Each structure stands twice: as C-alpha cells, then as structure tokens.
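Peer 1:
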Amino acid sequence: DLRRQDLDDDELGACLGWLANFHARFMGRSPEGLWPIGCYWHLDTRPDELEAIDDEGLKRAAPLLDHELRSTAFQTLVHGDAKVANFCFSREGRVAAVDFQYVGGGCGMKDLAYFVSSCMHEDEAEQREAEVLERYFAALRSALDELGSAIDCDALEAEWRALYPVAWTDFYRFLQGWSPGHWKVHRYSRRLADEVLEALCP
C-alpha cells in the first residue's frame, strides 16, 4: 500500500527483481491478444512526437533505434510503463506492479531503461549503471534457472546489455518530441544518445 519516488537499495533490488522475473516468465512468448510491440512511446504510435523533434540526426535515427530493439533474438513481454510510480511497496519489502495497459512484445531493456530513468537523476543513473545492469541480469539468470529455461543466458545478456543504451536513447527520442524541457532530458541521456547514434549512423 506504499508508493515511492526515491528508492532505497532494497526497494531498488525488489523492482529490478520484479522486472527480471516478469521478463523471464514471458521470454519467447508471443504477445497474442496484447500490443504486438509494447511500451507507450513505441515509434509507430508516436508520429506527432517524431515530427516535433528538432534534432534531425535523432529524428533520422528513430527507425534504426526501433529496428535494433525489434530485432533482438530474445523477445519477451514488456510491462511498457514500468516507472517507479507504477510499483507498490509493502512494509515488509515486497513489491508489485500495476498499470498493464501497454504490455506487449519487446526487449526487456525498454522496461529497465525507463524504470531507471524514472527513479534516478542523471548523476545517479550514470554512476550506478553498471551496478543496475549487474543486479538485473543476476536476477534474470536466477529467474530463468528456476523456470528451467534452456535459453543461452550468456548470449541473452550480451545482446541485451548492448541494447540498454539503445532503449534509453529510444525513450530519449520520444521525450525530445513530446517534452524537450523534461527533467529526464539531461547530459547522461545526451551522452548515451550521441554514442548510440555514432554507432548506428557513422
């Protein structure tokens, strides 16, 4: 029955564990009866925001970002709006998610990048990037093991780690068209975007 804006270390771990278990349970599952592509900022559903982007390089790269995320060999179901405001906490440290209207197919890094951007300001998101990824992937491996999955966890982690900055940049792309003055449009987001665009559009 509790909501948070800032998370302590245990609450952060609980949310990362929730996302990892959600993604593990639906790994490889077809999004039948759901959005073919999950997440509320998905490119095909946001033409007005795309048109409003002033950064021509980012605008041109938008289909490439979308293609990278769609093309991962490891697809799952994503929550699609996994901001910290959509997690409920108990006094005993348990966590549950709400607001499933944007669940659909996709790469789990879309949920992870969006979640981190919702509860960490730029310095913390940058400083704790490696830690967050380590904790998420440890929880994902554990969840897949408990489910008896035959998925190659090394290949999954390698591919998704490389897509974390792509997912972050894809959300940044949406923000630049929707609300370019938003507090999430900051130096860390710009740095990740520059690195991703340089790799995709050399």
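Residue numbers (my numbering): 1 to 202.
A virtual CB, placed ideally from N, CA and C, is assigned to each residue, including glycine.
All values derive from a computational prediction rather than experimental measurement.
(1) With a floor of 4 residues, list each alpha helix (DSSP H) that falls wholly inside the segment 139-200, ordered by position along the chain.
(2) Rounded C-beta distance between leucine 58 and arginine 173? I'm assuming under 8 Å.
(3) In whole angstroms, give me the CA-to-CA distance for cysteine 107 and arginine 91.
(4) Going by C-alpha distance, which of Arg4, Leu43 and Leu144 is nearest asparagine 86?
(5) In terms of residue numbering, what span does the alpha helix (DSSP H) encompassing phenylalanine 22 cover?
(6) Which of the three DSSP states is assigned to glycine 33 in this structure?
(7) May I ask you to report which of helix, strand or coil DSSP gives phenylalanine 137?
(8) DSSP three-state label for glutamate 113, please.
(9) Near tryptophan 18, which residues of its chain fall below 8 Å by C-beta distance, leaving aside the five closest residues on each side in sequence?
(10) For my contact list, leucine 112 and tyrosine 164 are in at a C-beta cut-off of 8 Å; report their separation, rounded to the angstrom.
(11) Identify whether glycine 80 lies in helix, strand or coil by the three-state DSSP scheme.
Peer 2: Answer, in terms of the structure:
(1) Qualifying alpha helix (DSSP H) stretches, in chain order: 153-178 and 187-200.
(2) Between arginine 173 and leucine 58 the Cβ distance is about 6 Å, and since that is below 8 Å, they are a contact.
(3) Each residue's CA atom was taken as its position, placing cysteine 107 and arginine 91 some 31 Å apart.
(4) Comparing Cα positions, the closest option is Arg4.
(5) Annotation for phenylalanine 22: the continuous alpha helix (DSSP H) segment containing it runs 9-25.
(6) Coil at glycine 33, not helix or strand.
(7) Secondary structure of phenylalanine 137 (DSSP, three-state): helix.
(8) Sequence check: residue 113 is alanine here, not glutamate. In the structure shown, alanine 113 sits in a helix (DSSP, three-state: H, G or I).
(9) Cβ within range, chain order: Phe87, Val95, Ala96 and Ala97.
(10) Taking a contact as a CB-CB distance under 8 Å, the pair leucine 112 and tyrosine 164 counts as one, their CB atoms being some 7 Å apart.
(11) The answer is coil: DSSP assigns glycine 80 none of H, G, I, E or B.
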